[in-house]
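So for the sequence shown, our numbering puts the first residue at 1; every next one is plus one.
Scroll down for the structure; my scribbles are underneath it.
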Amino acid sequence: GRATLVVVAGIGVLAFERGTPPFAFMLWAIGFVLLYNIAMASLLHKGRVHASFFFGLALDTTVILLAWAVVTAGLAKEPVATDIYLIMFPVVVVAVIRLGWPLGVVQGTMFIVWMAATAIWFWPSDFYAVEQMPLRVLFLTTTMGLTLWLMARLNRARDQAEDLAQERATLAEMSRVVSSTLELGQVYGHFATLVQALVPYRRISMNRFDPITGQLEHVYSQGESALGRPSGLESDLSRVVSQRSGMLLGGEQTGQHAYMAVPLVSGDRVVGTISTEAHTATTYTANDLDRLERVAHQISSAIESSRLAEVLVSSETRLRSVLDSSQDAVITVDTEGQITGANAGAVSMLGYPAAQMDGMSINEFVPSWSDFTSISTDASSRGASEVGADARRSSGAVFPTEAVIAPLSGQEGSVITLRDITERKTEEDARMRVLQTVAHELRTPLSAVLGAKDLLTSTAPSDLDSFTFKRLMGVMERGVDRLDTLGGELTDLVDLIDMQRGTIQLEREQIRVSNLVDTALAAVEPALARQDQSVRLQLDNPGTELWADHERMVQVIHSLLMNAHLASPTGAVIVASGRVFNRAYELRVMDKSPGIAPEDEPYIFDPYSRAAQEDVKSNEVRGFRLAIARGFVEAHGGEIGFGTSTEGSEFYFRIPIDRPASSQQSAVLPDEVIGEPTKPDSGSV
Numbered sequence: 001g002r003a004t005l006v007v008v009a010g011i012g013v014l015a016f017e018r019g020t021p022p023f024a025f026m027l028w029a030i031g032f033v034l035l036y037n038i039a040m041a042s043l044l045h046k047g048r049v050h051a052s053f054f055f056g057l058a059l060d061t062t063v064i065l066l067a068w069a070v071v072t073a074g075l076a077k078e079p080v081a082t083d084i085y086l087i088m089f090p091v092v093v094v095a096v097i098r099l100g101w102p103l104g105v106v107q108g109t110m111f112i113v114w115m116a117a118t119a120i121w122f123w124p125s126d127f128y129a130v131e132q133m134p135l136r137v138l139f140l141t142t143t144m145g146l147t148l149w150l151m152a153r154l155n156r157a158r159d160q161a162e163d164l165a166q167e168r169a170t171l172a173e174m175s176r177v178v179s180s181t182l183e184l185g186q187v188y189g190h191f192a193t194l195v196q197a198l199v200p201y202r203r204i205s206m207n208r209f210d211p212i213t214g215q216l217e218h219v220y221s222q223g224e225s226a227l228g229r230p231s232g233l234e235s236d237l238s239r240v241v242s243q244r245s246g247m248l249l250g251g252e253q254t255g256q257h258a259y260m261a262v263p264l265v266s267g268d269r270v271v272g273t274i275s276t277e278a279h280t281a282t283t284y285t286a287n288d289l290d291r292l293e294r295v296a297h298q299i300s301s302a303i304e305s306s307r308l309a310e311v312l313v314s315s316e317t318r319l320r321s322v323l324d325s326s327q328d329a330v331i332t333v334d335t336e337g338q339i340t341g342a343n344a345g346a347v348s349m350l351g352y353p354a355a356q357m358d359g360m361s362i363n364e365f366v367p368s369w370s371d372f373t374s375i376s377t378d379a380s381s382r383g384a385s386e387v388g389a390d391a392r393r394s395s396g397a398v399f400p401t402e403a404v405i406a407p408l409s410g411q412e413g414s415v416i417t418l419r420d421i422t423e424r425k426t427e428e429d430a431r432m433r434v435l436q437t438v439a440h441e442l443r444t445p446l447s448a449v450l451g452a453k454d455l456l457t458s459t460a461p462s463d464l465d466s467f468t469f470k471r472l473m474g475v476m477e478r479g480v481d482r483l484d485t486l487g488g489e490l491t492d493l494v495d496l497i498d499m500q501r502g503t504i505q506l507e508r509e510q511i512r513v514s515n516l517v518d519t520a521l522a523a524v525e526p527a528l529a530r531q532d533q534s535v536r537l538q539l540d541n542p543g544t545e546l547w548a549d550h551e552r553m554v555q556v557i558h559s560l561l562m563n564a565h566l567a568s569p570t571g572a573v574i575v576a577s578g579r580v581f582n583r584a585y586e587l588r589v590m591d592k593s594p595g596i597a598p599e600d601e602p603y604i605f606d607p608y609s610r611a612a613q614e615d616v617k618s619n620e621v622r623g624f625r626l627a628i629a630r631g632f633v634e635a636h637g638g639e640i641g642f643g644t645s646t647e648g649s650e651f652y653f654r655i656p657i658d659r660p661a662s663s664q665q666s667a668v669l670p671d672e673v674i675g676e677p678t679k680p681d682s683g684s685v
């Protein structure tokens, strides 16, 4: 536009000022103006808007003021002097338009005052009559028309630039909102306010698309809905979703208001819609629809970011819940062995607050960690590695652990899982001691039997007197009895291990209580007879039938009777009583022992504790009878317990009478059988 007006001014100079003294100067001035306009265009092309503005302002002002003074002086007393006003008119107007209000008006006023002052200074007073030749009139009207057209174009471009700047600022603010919060409720509210600056509306609505149901769910709206809103717009929203394209309805199409809607698309998924209503007859334009689509892109990004954040938070919450519910210690460390995170299990196991553990060296908790550095490095390339390591609590106590070292996914460092195996080690050590004891006990009677056998086989019958023969036979008989007892101990140990593995199956059948008691009593009678002991039966409802494993229940009753036999003195009367109690049959066995020491009560069902293995009177090995009895009783759905006093101890169990839904059930030894205290029955003797 500037270049066009300069060219027009040049045409005016050629038409009206040819032959005048300043004609050559004016041509040079016009060429110079064209040249610096080209320079301004280059600056604008490079995006240097401010430099172009100040460059043009300075040159325009300088050239116009200087050129006008020179030309006015040169045209003194020339008949075409006043034509210069026609030529300069569009230049002044363009300057005013270019700078706008108020700077352009100030500059234009300055130019007019300068022109008038120089004319008065150089020209006589009779020089101001302008000849109304047709060419001059045509030039003036054409120039004015061109100037007005350029003004309209410039104003339109300025409006578009302002709209674009506002749109960019609004979209930038939307991006800031998206990046500053992941709460969709806040995002919707901010977006609704910002959209008003781009697309005028009386109501804005946002819907979320459920891909499972295929329905749109209203999630946000602002503003009042139109009265007499046309029907069918909801179905049109479904079309917007299915076709993934915007919908535009002008005021004439809807009758009372303008309406448009666009889909919210994230990646290759439609996540919802956004729609606006204008309660006037004003028609929305395609530009409005384009703007709303750009807004929809920002909202889609916000929805997707929020969805991913919700998924991430949910995953982290679930992971944290799983980690915190674990009794194992889960610790993450960097490549230098510094702790970067720990779960609740680590806090409980090691005794340090989580905040204090962050930044500490893993060597504080696993003294031998330096020995596993190579394993940690290998884990980063090969996967998880399992090692045994001693750990140290905040109190300084050292305990055995099973450590699993694995690489951190997607980042440097390792994750270490520590499992406290103190109980397992104690159990394994105790089991080994039991096996060593049984092996030692086997050698003693076996040696006696073998020695007696060798003596009998190496001596002629005529050389053996009656006394020697009976003595050797007694040795063999006692050795065989002892071997039989130790064989039972080994069987008990195998049963206990099978219970812990859950590999024993119960073979249930209908069987009377009296049958179970009689069978168990017959098995224990020889031992009772040797100690001159007896059992007094007090069974109520002995004909009651139980759905139980005959062999296992006999073993339970036998274990309680043998326990009473070992704990009672010579000549004692052991009382076995039974009754129906709460749809279960309860059997109690009362011994005549001095009672169980309070410190031993919590461990009476622990198969590897001294309280369960040693009799308080004779130190005779009980084996695993009580632990196995508890496992079998609880496998039947029953319960077992004991009470104690200075007059003796009483063990009891209860087995449900009703037949369970399944005829077979695994005999699994509960975790509390090993190492967990058992509280005495408050109702027991």
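Backbone N, C-alpha and C fix where the C-beta goes; we use that ideal spot for every residue, glycine too.
Is residue i close to the ligand NAD? I mean its beta-carbon at under 6 Å from any heavy atom of the ligand.
i          : result
residue 17 : For the structure depicted, the ligand NAD is absent and the ligand set is empty, with no information on it obtainable.
Given this structure, state the Cα-to-Cα distance separating residue i from residue j, to the nearest angstrom.
i           : j           : result
residue 552 : residue 352 : 47 Å
residue 117 : residue 108 : 14 Å
residue 170 : residue 65  : 43 Å
residue 360 : residue 337 : 8 Å
residue 269 : residue 199 : 25 Å
residue 645 : residue 417 : 46 Å
residue 538 : residue 454 : 49 Å
residue 629 : residue 330 : 37 Å
residue 618 : residue 584 : At residue 618 the pLDDT is 38, less than 50, meaning the model places this residue with poor confidence and gives no usable figure here.
residue 545 : residue 402 : 48 Å
residue 346 : residue 313 : 22 Å
residue 598 : residue 323 : 37 Å
residue 688 : residue 534 : Because residue 688 is not part of the residues shown, which for the chain are 1 to 685, the question remains open.
residue 509 : residue 456 : 48 Å
residue 408 : residue 385 : 13 Å
residue 237 : residue 267 : 20 Å
residue 21  : residue 10  : 16 Å
residue 216 : residue 311 : 21 Å
residue 356 : residue 291 : 53 Å
residue 153 : residue 160 : 10 Å
residue 309 : residue 349 : 32 Å
So, are the CB atoms of residue i and residue j less than 7 Å apart?
i           : j           : result
residue 23  : residue 17  : yes
residue 605 : residue 626 : yes
residue 397 : residue 366 : no
Starting from the C-beta of residue i, find all residues in its chain whose C-beta is less than 7 Å away, skip the five residues before and the five after it, and write them out in chain order.
i           : result
residue 43  : 51, 52 and 55
residue 197 : 166 and 170
residue 425 : 400
residue 47  : none
residue 19  : none
residue 575 : 536, 538 and 590
residue 14  : none
Please return the same chain residues whose Cβ sits closer than 6 Å to the Cβ of residue i, not counting the five positions on each side in sequence.
i           : result
residue 275 : 205 and 261
residue 222 : 192 and 204
residue 73  : 122
residue 541 : 580
residue 37  : 2 and 3
residue 651 : 560, 589 and 642
residue 527 : 565
residue 328 : 345, 417 and 419
residue 219 : 206 and 208
residue 393 : 350 and 351
With distance defined between alpha-carbon atoms, name the residue in the options nearest to residue i.
i           : options               : result
residue 649 : 298, 596 and 99       : 596
residue 187 : 70, 110, 164 and 306  : 306
residue 476 : 499, 450 and 465      : 450
residue 63  : 41, 29, 47 and 302    : 29
residue 302 : 292, 271, 319 and 289 : 271
residue 521 : 601, 560, 357 and 368 : 560
residue 688 : 20, 158, 513 and 321  : As shown, the chain starts at 1 and ends at 685. That puts residue 688 outside it, with no answer to give.
residue 723 : 586, 601 and 592      : Because the chain is modelled from 1 through 685, residue 723 falls outside the range shown and cannot be assessed.
Leaving aside the five residues before and after residue i along the sequence, list all residues of the same chain whose C-beta is less than 8 Å from its C-beta, in chain order.
i           : result
residue 516 : 546, 548, 550, 553, 554 and 557
residue 240 : 246, 247, 261, 262, 263 and 273
| field | Entirely enclosed beta strand (DSSP E) segments - the region 280-333, minimum 3 residues | value | Correct list: 329-333.
| task | Taking only runs that begin and end inside the region 546-570, name each unbroken beta strand (DSSP E) of 3 or more residues, in chain order. | result | Segments of the beta strand (DSSP E) lying fully in the region 546-570: there are none.
| field | Every unbroken beta strand (DSSP E) within the region 498-524, with a cutoff of 3 residues, ordered by chain | value | Annotation: the region 498-524 contains the following complete segments of the beta strand (DSSP E) (minimum length 3 residues), in chain order: 508-512.
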